[in-house]
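Colleague: After the structure tokens below, expect a handful of questions from me.
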Amino acid sequence: MLIGITYDLKDDYLAEGYPAEVVAEFDSLITIDAIDNSLQQLGYETVRIGNIKALVQYLSQGKRCDLVFNIAEGLHGLCREAQIPALLDAYEIPYVFSDSHLLAISLHKGMTKAVVRQGGVPTPDYVVLNDESQISDVHLPFPLFLKPVGGGTGMGINANSIVRNAKELQEIATLLFSQFSQPVLVETYLEGREFTVGITGTKEHARSTGVMEIVVDPSCDQGVYSYKTKQEYLQFAHYHLMDGPIAQECEQVSLQAWRVLGCRDGGRIDVKMDGQGRVNFLEVNPLAGLNPIDSDLPILCRMGGISYQDLITRIMDSAITRVPKVLNQCVS
151 MLIGITYDLK
161 DDYLAEGYPA
171 EVVAEFDSLI
181 TIDAIDNSLQ
191 QLGYETVRIG
201 NIKALVQYLS
211 QGKRCDLVFN
221 IAEGLHGLCR
231 EAQIPALLDA
241 YEIPYVFSDS
251 HLLAISLHKG
261 MTKAVVRQGG
271 VPTPDYVVLN
281 DESQISDVHL
291 PFPLFLKPVG
301 GGTGMGINAN
311 SIVRNAKELQ
321 EIATLLFSQF
331 SQPVLVETYL
341 EGREFTVGIT
351 GTKEHARSTG
361 VMEIVVDPSC
371 DQGVYSYKTK
381 QEYLQFAHYH
391 LMDGPIAQEC
401 EQVSLQAWRV
411 LGCRDGGRID
421 VKMDGQGRVN
431 FLEVNPLAGL
441 NPIDSDLPIL
451 CRMGGISYQD
461 LITRIMDSAI
471 TRVPKVLNQC
481 VS
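Numbering (our numbering), first residue to last: 151 to 482.
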């Protein structure tokens, strides 16, 4: 079976002059090599395709593969993560991870929260600001937390993301509009402990791979799990594998959100406690980072005794069920 690998390589975009924070979600060769090697160890033939432009060229030449292992984040627009999956849908080529519909929804944090709240998953109260004229219409109690509605890897998040009055709200929202040219999510700030939950599988077969608490040194962005913290996690972030009742509640909330959204194969759910110790959904990452060294999902799996090869195996075991049993001859 031939597996194509699609991805956005960070070095390619940096060479074109894009700022580091803009391409923070993109991958390094370390990640591509690790995925490729793991797939080959599972007995698959692989072909590295690259980004969406490379995929368009690949398909236009009449080349096909049986399945695509897609980790491309995309660059432009709020549907950027859905672009490659949508193209593969058009060619009826199955792919690893969530479908184009879910990826279009999940990149918009406000839409994601609306879906999970409708499904009964606890999440902080929120407002989505589409332009600066709406800032004065926010009537949620302070403190609030602000971030770009379609950001990832801590983009746009720092110590100033926590706002405690109307003046700060106006200043930070205006700054985010200017820097990222997209809507801004305003939500009730949760002051409790923060966790991330790894998940593999689809629908009723989805299972947690572990719960990891994230503790940020207060000397970095006032303890916010920010872009800077994530880039310098060895210095400022401390990770603790959890068990017991707290871990069980984190898993329950996360798996409920995963199934409500319709996520597939593997990823992460971020959750946080409110002031009363209740676990709330924060965000979903259906295209979680897979750098074997410093991505959260492999880190928490490793802490729980799940090797990188085992993680890729679980992801592929879930995805392979969508490959037609009778395969056409593939051309590489």
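Where a beta carbon is used, it is the ideal one built from N, C-alpha and C, also for glycine. Here the structure is a predicted model, which means the values were calculated and not measured.
1. With 16 as the cutoff for other CB atoms within 10 Å, does ARG314 come out buried or exposed?
2. Restricting to runs no shorter than 4 residues, where is the alpha helix (DSSP H) found entirely within the segment 226 to 277?
3. Helix, strand or coil for MET423, going by three-state DSSP, please let me know.
4. Is LEU319 near the ligand NAP - that is, is its Cβ less than 6 Å away from at least one heavy atom of it?
5. Is it the case that the segment 382 to 401 contacts the segment 234 to 251, given that we only count it when at least three CB pairs across the two stretches are under 8 Å?
6. Whole angstroms are fine: how far does the CA of CYS400 sit from the CA of THR463?
7. Assuming GLY304 and LYS380 are in contact, meaning their beta carbons sit under 8 Å apart, how far apart are those beta carbons, in whole angstroms?
8. Evaluate ALA232 with the Cβ neighbour count: other Cβ atoms within 10 Å of its Cβ, from every protein chain shown; 16 or more gives buried, anything less gives exposed.
9. Mapping the DSSP letters down to three states, classify ILE199 as helix, strand or coil.
10. Have a look at TYR389, ASP420, VAL429 and flag the residue whose alpha-carbon is nearest the alpha-carbon of ASN444.
11. Figure out for me which residue from GLY348, VAL374, THR352, VAL246 has the closest Cα to the Cα of GLY454.
12. Have a look at SER188 and ASN441 and give me their C-alpha separation to the nearest angstrom.
13. In chain order, what residues of the same chain have a beta carbon less than 8 Å from the beta carbon of VAL473, not counting five sequence neighbours either side?
14. Between the alpha carbons of GLN332 and GLN426, how many angstroms are there, rounded?
15. DSSP has PRO436 in a bridge; who is on the other side?
16. With DSSP run on the structure shown, which of helix, strand or coil describes CYS480?
17. Look up LEU340 in the DSSP assignment and say whether it is helix, strand or coil.
Modeller: Straight from the coordinates:
1. Per the 10 Å Cβ criterion, exposed.
2. DSSP runs (the alpha helix (DSSP H)) wholly in the segment 226 to 277: 233 to 240, 250 to 256, 259 to 268.
3. For MET423, the secondary structure class from DSSP, reduced to helix, strand or coil, is strand.
4. The ligand NAP is not part of the structure shown, which contains no ligands of any sort.
5. Taking a cut-off of 8 Å on C-beta distances, the segment 234 to 251 does not touch the segment 382 to 401, as fewer than three cross pairs fall below it.
6. Looking at the backbone, the Cα of THR463 and that of CYS400 are separated by about 24 Å.
7. LYS380 and GLY304 do touch by the CB rule: their CB atoms are close to 5 Å apart, below 8 Å.
8. Counting the other Cβ atoms within 10 Å of the Cβ of ALA232 gives 16 or more, which makes it buried.
9. Strand at ILE199.
10. Correcting the residue type first, residue 444 is Asp in the shown sequence and not Asn. Restricting attention to TYR389, ASP420, VAL429, the CA atom closest to the CA of ASP444 is found in TYR389.
11. Cα-wise, what sits closest to GLY454 is GLY348.
12. Distance from the CA atom of SER188 to the CA atom of ASN441, rounded to whole angstroms, is 12 Å.
13. Hits under 8 Å: MET151, ASP216, LEU217, PRO244.
14. One alpha carbon belongs to GLN332, the other to GLN426, and they sit about 33 Å apart.
15. In DSSP, PRO436 forms no bridge with anything.
16. Low per-residue confidence applies at CYS480: pLDDT is 44, beneath 50, and the placement is therefore not dependable, though the value from the model is reported in the following sentence. Note: CYS480 maps to coil in three-state DSSP.
17. Coil at LEU340, not helix or strand.
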